[in-house]
Amino acid sequence: MSGSAARPRAASYERIYAVVKRIPPGRVATYGQIAALAGRAGQPRQVGYALHALPEGRPIPWHRVINAKGTISQRGERWVEKVQRALLEREGVAFDAKGRIDLRRHRWRASG
DNA sequence: GCAATGACGCTCT
DNA sequence: CAGAGCGCCATTG
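Converting from the first sequence to our numbering requires adding 519 to each position, the first position being numbered 1.
Shown next as structure tokens:
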């Protein structure tokens, strides 16, 4: 049916949330990777924007999403960054002395 | 409808 | 390896 017309404001968000939800524990994905899997390759900012608007109450492992540098992006509140790191470490993700994650080892492969 | 903002990525230095 | 600049599109005011 023509339900496609009434696409909610956060229609694109659902696409991103679906991809982030697919990230397995102990694995991390970059915004660019999420964007590509969500069909928004080249627009990693929308991924961050979507997660920023991510309403609590939704089981989305947002903490498994980091930037291409392997570091945790800083938001308005720095404490969140510490929480994200704690969640990742709890899943087995290792951080180096510089607080960076080894993407070569923890990067999630959507293919399998 | 226009202007500004934003959890980024890539390239160059 | 680290830092800075530019580009991208969607959402918000």
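Glycine included, C-beta positions come from ideal geometry on N, C-alpha and C.
At the level of alpha carbons, what is the spacing between residue i and residue j?
i    : j    : result
T610 : A569 : Going by the sequence as given, residue 610 is Glu instead of Thr. Each residue's alpha carbon lies about 23 Å from the other.
R628 : K601 : 25 Å
A537 : P563 : 15 Å
Q593 : G558 : 25 Å
With H, G and I counted as helix, E and B as strand and the rest as coil, what does DSSP make of residue i?
i    : result
Y532 : helix
V547 : strand
R626 : strand
R526 : Confidence is the limiting factor: at R526 the pLDDT is only 40, short of 50, which leaves the residue's position unreliable and the question unanswerable from this model.
V538 : helix
A483 : Lying before the first or after the last residue shown, residue 483 is absent from the chain, which here runs from 520 to 631.
R559 : coil
Should the region 606-623 be called in touch with the region 529-538, which here means at least 3 C-beta pairs below 8 Å?
-> They do not touch, by the three-pair rule.
Below 8 Å, can you find three or more Cβ-Cβ pairs linking the region 534-550 to the region 582-591?
-> Touching, yes, given that three or more Cβ pairs across the two stretches are closer than 8 Å.
Whole alpha helix (DSSP H) elements within the region 583-624, 4-residue minimum = Within the region 583-624, the runs of alpha helix (DSSP H) that reach at least 4 residues and sit entirely inside it are, in chain order, 597-609.
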